[in-house]
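Visitor: Residue numbering for the sequence shown follows the working numbering, beginning at 38 and increasing consecutively.
Sharing a structure with you now.
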Amino acid sequence: MTTEYVAVPASWTVAQTLQHIRQVERTRETVYAIYVLDPASQHLQQVVTMRRLITGLPEESILDVAQVNPPVTVDALMDQEEVARLIRRHDLLAIPVVDAQQQRLGIVTVDDVLDALIEESASSRCCASAPAG
38 MTTEYVAVPA SWTVAQTLQH IRQVERTRET VYAIYVLDPA SQHLQQVVTM RRLITGLPEE
98 SILDVAQVNP PVTVDALMDQ EEVARLIRRH DLLAIPVVDA QQQRLGIVTV DDVLDALIEE
158 SASSRCCASA PAG
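Rendered as structure tokens:
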């Protein structure tokens with residue numbers, strides 16, 4: 038999981054969001070998607086893909102270009118195989134991690150999941166081939 042992602046308040050426009058990305062992108066692990074937060078509670082409200090963002094009009098609200106469905110999220114304690122299944126099922130490059138109150142904790146990227154699954158697979162092969170002693 039990483040905390041290096043782009044999040045903006047729901048009150049922003051497409052133009053404000055693009056300007057923000059230009060300012061912070063070098064310090065973020067990924068800008069696959071923009072995480073839109075409720076300005077008062079800081080709860081995750083919506084996710085905007087980069088494709089939707091760059092095709093939006095500058096004066097449009099960031100919420101107007103967001104996906105229609107509620108964001109797919111995971112709990113911090115969710116099994117990595119289940120996270121991988123959700124990423125695959127919803128064709129995501131990253132998935133937000135939230136707590137029970139919908140407070141954002143970070144994101145898990147598809148490469149994070151692949152790394153974890155490969156490491157787990159290698160570790161289980163290693164242990165399975167070790168002689169019993």
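Just so you know, even glycine gets a beta-carbon here, dropped at the ideal spot from N, CA and C.
Computed from a predicted structure; not experimentally measured.
1) State buried or exposed for Ala-103, treating a residue as buried only when at least 16 other CB atoms are found within 10 Å of its CB.
2) Can you tell me where the alpha helix (DSSP H) with Val-51 in it begins and where it stops?
3) Give me the residue from Pro-133, Ala-121, Arg-126 with the minimum Cα distance to Leu-154.
4) Output needed for Thr-64: all residues of its chain with C-beta closer than 8 angstroms, excluding positions within five of it in sequence on either side, in chain order.
5) What do you get for Ala-131, buried or exposed, if any count of 16 or more other CB atoms within 10 angstroms of its CB means buried?
6) How would you call Ile-91, buried or exposed, if buried means at least 16 neighbouring beta carbons within 10 angstroms?
7) Which residues bound the beta strand (DSSP E) around Ala-44?
8) In this structure, does DSSP put Ala-121 in helix, strand or coil?
9) If we count the other Cβ atoms within 10 Å of its Cβ and call it buried at 16 or more, is Pro-76 buried or exposed?
10) Kindly give me the distance between the Cβ atoms of Ala-35 and Arg-141, rounded to whole angstroms, as I take these residues to be in contact under 8 angstroms.
11) Need the endpoints of the beta strand (DSSP E) that Ile-132 sits in, please.
12) Taking the alpha-carbon positions, what's the Thr-86 to Tyr-69 distance?
13) Are the CB atoms of Val-84 and Val-73 nearer to each other than 9 angstroms?
Guide: Reading off the structure:
1) Counting other Cβ atoms within 10 Å of its Cβ, Ala-103 reaches 16 or more and is therefore classed as buried.
2) Going by DSSP, Val-51 is part of the alpha helix (DSSP H) stretching over 51–61.
3) Of the listed residues, the one whose Cα sits closest to Leu-154 is Ala-121.
4) Cβ neighbours of Thr-64 beyond the five flanking positions: Glu-41.
5) Buried is the call here.
6) Result: exposed.
7) Segment 43–46, the beta strand (DSSP E) holding Ala-44.
8) Residue state, collapsed to three classes: helix.
9) With fewer than 16 other Cβ atoms inside 10 Å of its own Cβ, Pro-76 counts as exposed.
10) Outside the shown range of the chain (38 to 170) lies residue 35, about which nothing can therefore be said.
11) It spans 131–135 - the beta strand (DSSP E) in which Ile-132 sits, taken as one unbroken run.
12) When rounded, the distance between both Cα atoms is 6 angstroms.
13) Closer than 9 angstroms, so yes.
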